[in-house]
Every structure is written in structure tokens, then in C-alpha cells.
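In full-length UniProt numbering, the protein residues as written are 1 to 190. A quick write-up on the structure given underneath.
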């Protein structure tokens, strides 16, 4: 590796760490909100994402973040993607999981129950890069809409409303390769 290539590599790593740190500070600045069911949803002025103030039940914002699609093509996704929730625990009942795509590529949110002793991030990855979601309780993958779709586009959001019983749940992005890249987080319902 030449001196110039080494300098570019170091500069790229520093920039990636700075963007990741800034994204994490921004993502953890939110909190859960409680609101009643409303028939209309507003799109926030600064992006295409839905304002969660009109969503039913207790709203948990979940942030999908990635550094760039470039990392996936280079096979280095494990440090470039994350899924983070505005809270780690919530009371049982009607819960709306609102996925906000702050990344540069499409993402989704799938809700999977965790068995006793099962840990987040330890599901077997299938040959297509996804995990088994046959026990899924629901999915947010429609851009600026509720439920299933073909993926939430960058800058947009989507949601799923569920009646969750007490337990541990793994929230995952199950687009090929994203789970293995770190797009999973825990939600405890009590």
C-alpha cells in the first residue's frame, strides 16, 4: 500500500467513526411518546418521514443507520450498519414501532420473539443473508405507511402497531446481509 493509499484509508476510517458517533448521539436523543389513535399522519418538513405524534399506543422510534452502501459491496458491513431503539423497555399493550431510515439504502423492521436464553444477534444467518422470520409478529417495510412493503427508503419511515405481551423481542432488519451487519436490537416488554 502506498503512502497516499494509506493516508486515504486512515482519513476514511476517521470520517466513518465521526459520522457513526454523530448518528448515535442523534439517535439516542429521542424518547418514547404516548399518543392516541389518529386517522391522519403528518410528514415532517425536513424529510419524507412520518411524524409519529398521530400513531396509536406507545410509540417506540427505531433508527436504521448505515454508513453507505459502499461497505456492503466491499464485504465490510459489520461496522457500518445498526438498528437502535429510543428505549430498551416498554409496558405491555398497544405498541407502535416506528422505523426511521436515517441510512443511505432501504431498510425494514421485523419483530421476532426471543426464547428463554436466546440472545440478540445470535440467530443463524441463512444462505441468502437473512434470518428465519417464520415466527415474526409483524413488519414495518412500507415507505411512509403501516405494515409490509418492499423496504423503507432513505429519509422516510414506516411503522407497525402490535399488541405485545410481556417478553423479550428482537427487532431486526432482515434485508439480505443486514442482520449479520449488526442491524438488530432488543426490546423488553413488561
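In this text, a Cβ means the ideal position worked out from N, Cα and C, and glycines have one as well.
**Prompt:** Near residue 102, which residues of its chain fall below 6 Å by C-beta distance, leaving aside the five closest residues on each side in sequence?
**Reply:** 63, 65
**Asked** Is residue 3 helix, strand or coil by DSSP?
**Response** helix
**Request:** For my contact list, residue 109 and residue 145 are in at a C-beta cut-off of 8 Å; report their separation, rounded to the angstrom.
**Result:** The Cβ separation is near 13 Å, so there is no contact.
**Request:** Determine the closest residue to residue 117 out of 172, 168, 175, with distance taken between C-alpha atoms.
**Result:** Measuring from the Cα of residue 117, the nearest candidate turns out to be 168.
**Request:** Mind the definition here: the stretch 86-102 touches the stretch 116-134 only if three or more C-beta pairs lie below 8 Å; say whether that holds.
**Result:** no
**Item:** Own chain, CB closer than 6 Å to residue 151, minus 5 neighbours either side, in chain order
**Value:** 106, 108, 141
**Message:** Please classify residue 138 as buried or exposed, where buried requires at least 16 neighbouring CB atoms within 10 angstroms.
**Reply:** With 16 or more other Cβ atoms within 10 Å, it is buried.
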